[in-house]
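Beneath this line is the structure, given in structure tokens, with notes to follow.
Number of protein chains: 2
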Amino acid sequence: MKITYKGDYALKAVLELALNHGNGSIITIHDLAKRLDIPIKFLEQVLLDLKRGGYVAARRGKLGGYFLAKSPATIKVGEIIRLIEGPVEPIACTNEEYSGCKDIYKCVFRGIWQDVAKATSDIIDNITFEYLVNRTARQSMSVNYQI
Amino acid sequence: MKITYKGDYALKAVLELALNHGNGSIITIHDLAKRLDIPIKFLEQVLLDLKRGGYVAARRGKLGGYFLAKSPATIKVGEIIRLIEGPVEPIACTNEEYSGCKDIYKCVFRGIWQDVAKATSDIIDNITFEYLVNRTARQSMSVNYQI
DNA sequence: ATTATGTCTATAGAGTTAGTAGTGTTTTGA
DNA sequence: TCAAAACACTACTAACTCTATAGACATAAT
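Chains as they are written, first to last, in our numbering: chain G, 1 to 147; chain V, 148 to 294.
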């Protein structure tokens with residue numbers, strides 16, 4: 001698995017929206033881009049993907065903006081990564097259809113990539129954005145306390 | 148972590164050399180390329196990298212060829228991957244020097260990438276080529292038995 | 001109407017990947 | 001001695017991906 005800027009931005013955008021979830025608020029892409037320091041037109045494409053994936057929703061027109069389409073508790077980090085980056089496998093040969101290995105019985109590396117994919121999934125599929133919201137809140141609190 | 152063709156070829160080349168290790172034999176790049184079905188000039192670059200990394204050695208001239216520079220028991224899959232592909236981290240921000248996150252205290256994703264990197268390392272740094280040689284031998288045996 | 005927003009498609013520049021080409025250098029052995 | 005067979009090294013290219021930008025369009029509020 002490799003995380004590109006697009007994936008990184010997507011995760012940060014969802015987290016930012018999650019931090020504002022619940023109070024009925026809506027955030028414009030302009031605001032989001034400024035808060036996260038992301039080029040606005042690039043963020044736009046990311047948000048469109050997130051919308052098509054069903055994770056965010058938008059209201060058009062004046063007073064429009066973006067908001068989470070579901071509760072942060074139901075969105076897992078792994079889902080966003082898979083939507084934006086594709087499969088978490090380190091190499092394509094881990095899926096059954098692949099026939100690149102001349103002798104599949106001999107391709108002893110396949111099992112390794114499957115193990116890596118599973119270990120990765122076990123992490124990213126068990127972290128919800130609700131958890132991240134709580135961690136973020138606690139972290140910024142403790143930072144404030146230090147001042 | 149993403150495995151490119153180069154990394155894939157490197158692992159297969161080392162395994163093939165490991166299967167022939169011990170009996171003092173040497174394999175030409177021509178042979179290796181044919182056995183592994185890899186473009187010879189591409190394999191050449193891979194082998195040069197492996198040589199510079201100290202994993203394989205070569206004898207030049209007629210009767211020359213490649214052989215493992217160390218025992219398969221001392222070479223781990225993770226070493227080859229890191230040599231060819233670079234760090235295992237899914238994104239660059241996991242190392243301390245990185246300052247891309249505006250507020251490092253708030254970048255709650257960093258811990259996730261560190262966890263993924265650790266889980267990946269725990270797998271690939273604990274598999275030696277000796278183990279893979281044994282597995283390959285056993286697998287091809289059982290395949291033969293089925294015939 | 002005007003303005004502020006999201007929607008969509010196209011494109012461009014930089015970098016990466018996979019593969020190819022050509023020219024060395026070294027060693028063997030006839 | 002010299003030709004053949006092998007490794008060594010550098011350069012190049014076509015295709016692809018990634019990041020970012022541009023511009024035309026659609027929608028909603030005032």
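For each residue, glycine too, the CB sits at the ideal point set by N, CA and C.
Subject >> Any chain V beta carbon closer than 8 Å to G:Pro87 >> reply: Taking the first sequence and counting its residues from 1, one reaches residue 87 of chain G at position 87. It does not: the Cβ of G:Pro87 has no partner Cβ on chain V nearer than 8 Å.
**OP:** Under 7 Å between beta-carbons, which chain G residues line up against V:Pro237? List them in chain order, please.
**Re:** Within the second sequence, residue 237 of chain V is the residue found at index 90, counting from 1. Result: Met1, Lys2 and Ile3.
**OP:** Assign V:Pro186 to buried or exposed, taking buried as 16 or more other Cβ atoms, counted over all protein chains shown, within 10 Å of its Cβ.
**Re:** Reading the second sequence from its first residue, position 39 is the one you call residue 186 of chain V. That one is exposed.
Original post:
Using a C-beta cutoff of 8 Å, does V:Arg257 count as contacting chain G?
Top reply: On the second sequence, position 110 is the one that residue 257 of chain V refers to. Residue contact check for V:Arg257 against chain G: no CB pair falls below 8 Å.
Original post:
What does DSSP give as the partner residues of V:Thr275 in its beta bridges?
Top reply: Mapped onto the second sequence, residue 275 of chain V falls at position 128. Paired residue(s): V:Lys223.
Original post:
Looking at the structure shown, is V:Val203 part of a helix, part of a strand, or coil, going by DSSP?
Top reply: Position 56 of the second sequence, counted from the first residue, corresponds to residue 203 of chain V. Strand, per DSSP.
Original post:
Should G:Asp56 and G:Phe67 be called a contact, given that it needs their Cβ atoms to be closer than 8 Å?
Top reply: The residue labelled residue 56 of chain G in the question sits at position 56 within the first sequence. The residue labelled residue 67 of chain G in the question sits at position 67 within the first sequence. According to the sequence shown, residue 56 of chain G is Val rather than Asp. Going by C-beta atoms, G:Val56 is nearer than 8 Å to G:Phe67.
Original post:
Just to confirm, are G:Thr128 and G:Leu19 a CB contact at a threshold of 8 Å?
Top reply: For the purposes of this step, residue 128 of chain G is taken as residue 128 along the first sequence, with counting starting at 1. For the purposes of this step, residue 19 of chain G is taken as residue 19 along the first sequence, with counting starting at 1. No, they are not a contact pair.
**OP:** Using three-state DSSP, classify V:Asn167 as helix, strand or coil.
**Re:** Locating residue 167 of chain V in the second sequence gives position 20, counting from the first residue. V:Asn167 falls in the coil class under three-state DSSP.
Subject >> Limits of the beta strand (DSSP E) - the one that G:Leu68 falls within >> reply: Counting from 1 along the first sequence, the entry for residue 68 of chain G is found at position 68. It spans Gly65 to Leu68 - the beta strand (DSSP E) in which G:Leu68 sits, taken as one unbroken run.
**OP:** Select from V:Lys198, V:Val193, V:Val224 and V:Thr151 the residue whose C-alpha is nearest the C-alpha of V:Asp272.
**Re:** Sequence index remark: in the second sequence, residue 272 of chain V carries index 125 (1-based). Answer by Cα proximity: V:Val224.
**OP:** Measuring alpha carbon to alpha carbon, tell me which of V:Asp155, V:Thr151, V:Met148 and V:Val193 ends up nearest G:Phe107.
**Re:** What you label residue 107 of chain G is simply residue 107 of the first sequence in a count that begins at 1. With the sequence shown as reference, residue 107 of chain G is identified as Cys, and Phe is not the correct amino acid for it. Checked all of V:Asp155, V:Thr151, V:Met148 and V:Val193; the closest Cα to G:Cys107 is V:Asp155.
Original post:
Is DSSP giving G:Ile27 helix, strand or coil here?
Top reply: The residue given as residue 27 of chain G occupies position 27 in the first sequence. G:Ile27: strand per DSSP, three-state reduction.
Original post:
When DSSP labels each residue in this structure, what does V:Val280 get in the three-state scheme?
Top reply: The count along the second sequence starts at 1 and reaches residue 280 of chain V at position 133. If DSSP states are grouped into helix, strand and coil, V:Val280 belongs with the helices.
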